[in-house]
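Presented below is the structure to which this report refers.
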Amino acid sequence: MLVQVVVSCIVACNVENNIPVVGRDEVRRRREMHWLRIDRYYTIEEDGKEYTKEDDIKQLSDFENVTVVHQPMLCQHCAHAPCETVCPVLATVHSSEGLNHMAYNRCFGTRYCANNCPYKVRRFNWFNYWNDSRFDNYLNNEFTQLVLNPDVTTRSRGVMEKCSMCIQRIQAGKLHAKMENRKVKDGDIQMACQQACSANAIIFGDANDPESEVSKALRNERVYYVLEEINVQPGIGYMTKVRNTFEA
Numbered sequence: 038m039l040v041q042v043v044v045s046c047i048v049a050c051n052v053e054n055n056i057p058v059v060g061r062d063e064v065r066r067r068r069e070m071h072w073l074r075i076d077r078y079y080t081i082e083e084d085g086k087e088y089t090k091e092d093d094i095k096q097l098s099d100f101e102n103v104t105v106v107h108q109p110m111l112c113q114h115c116a117h118a119p120c121e122t123v124c125p126v127l128a129t130v131h132s133s134e135g136l137n138h139m140a141y142n143r144c145f146g147t148r149y150c151a152n153n154c155p156y157k158v159r160r161f162n163w164f165n166y167w168n169d170s171r172f173d174n175y176l177n178n179e180f181t182q183l184v185l186n187p188d189v190t191t192r193s194r195g196v197m198e199k200c201s202m203c204i205q206r207i208q209a210g211k212l213h214a215k216m217e218n219r220k221v222k223d224g225d226i227q228m229a230c231q232q233a234c235s236a237n238a239i240i241f242g243d244a245n246d247p248e249s250e251v252s253k254a255l256r257n258e259r260v261y262y263v264l265e266e267i268n269v270q271p272g273i274g275y276m277t278k279v280r281n282t283f284e285a
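To convert, take the position in the sequence shown, counting from 1, and add 37; that gives my numbering.
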């Protein structure tokens, strides 16, 4: 049985950043374009023993006691980003604000950055999805293309794409604060995935501000970083899931 889960954060990211929906056949070719994916990790308990490795799970016969953990995975905006050192045209660079930027008009798709990314969160744009007749996409029509977000460019064929932390929202928040002659306050800027998450599982803000919500969350003892041991210094932290396993 194939269970397909559609989550609001992915949909919000697609709509906000003009990410094309490429269809099942392209996804089967590993050509999905989502900037945000939801990884799933399974644990099975049998005879009082916990199994987490895939090979061990396949040998088990009882799949009733299955525990699933969901983990959103996007560009980690690493401080020591391995994608930046291999780009021959400096299309991916690090900003003073700690973001990993993509200059789409500079990129010509060598895919070195995707090969060097340990999180595999970069996407290569195989086609001009908005105007390619091979894709049954309502956005192929010049009038229905008006639903696209005008603040985000539509990427052309042959470039790399990835999460930008909704840079257009960041710039809009900074501009709004400047017009009001004040500094950006905590909560002024929300990413699309954060705004759409009904569980408030995503927090975004200034990690350098000790009083910000994200700074307080990162100081929690439950926080960990994915592949922290390879010293790429990711900018995104995750919290371990705590379950009540007490049995009376």
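Where is the CB? At the ideal position from N, CA and C, for every residue including glycine.
Cβ distance (whole Å) where Met228 is taken to contact Leu136 below 8 Å: About 12 Å separates the two Cβ atoms, so there is no contact after all.
At least three beta-carbon pairs within less than 8 Å, the segment 48 to 57 to the segment 244 to 252: Taking 8 Å as the limit for Cβ pairs, the verdict is that the segment 244 to 252 does not touch the segment 48 to 57.
3-residue-minimum beta strand (DSSP E) runs that sit fully inside the segment 185 to 253, ordered along the chain: Complete beta strand (DSSP E) runs here, min 3: none at all.
Candidates Trp163, Val158, Tyr261 and Ser133: closest to Gly146 by CA position: Ranking Trp163, Val158, Tyr261 and Ser133 by Cα distance to Gly146 puts Trp163 first.
Segment contact flag, the segment 117 to 134 with the segment 214 to 229, C-beta cutoff 8 Å, min 3 pairs: Touching, no.
Assigned exposure category for Arg116 - 16 Cβ within 10 Å defines buried: A quick correction: the sequence has Ala, not Arg, at residue 116. So Ala116 counts as exposed.
Extent of the continuous alpha helix (DSSP H) run through Val48: Per DSSP, Val48 belongs to the alpha helix (DSSP H) from Ser45 to Glu53.
Environment of Phe180 [buried if 16+ CB atoms lie within 10 Å]: An exposed status is given to Phe180, since fewer than 16 other beta-carbon atoms sit within 10 Å of its beta-carbon.
Pair within 8 Å by beta-carbon distance, Ser45 and Ser235: In this structure, Ser235 lies closer than 8 Å to Ser45 by Cβ.
Beta-carbon spacing of Arg143, Met197 below 8 Å: In this structure, Met197 does not lie closer than 8 Å to Arg143 by Cβ.
Reference Asn168, options Gln182, Ser252 and Gln113, closest by Cα: Check the Cα spacing between Asn168 and each of Gln182, Ser252 and Gln113: the tightest is with Gln182.
Beta-carbon proximity check, Gln113 vs Asp76, cutoff 8 Å: With respect to Asp76, Gln113 sits apart: the two C-beta atoms are not nearer than 8 Å.
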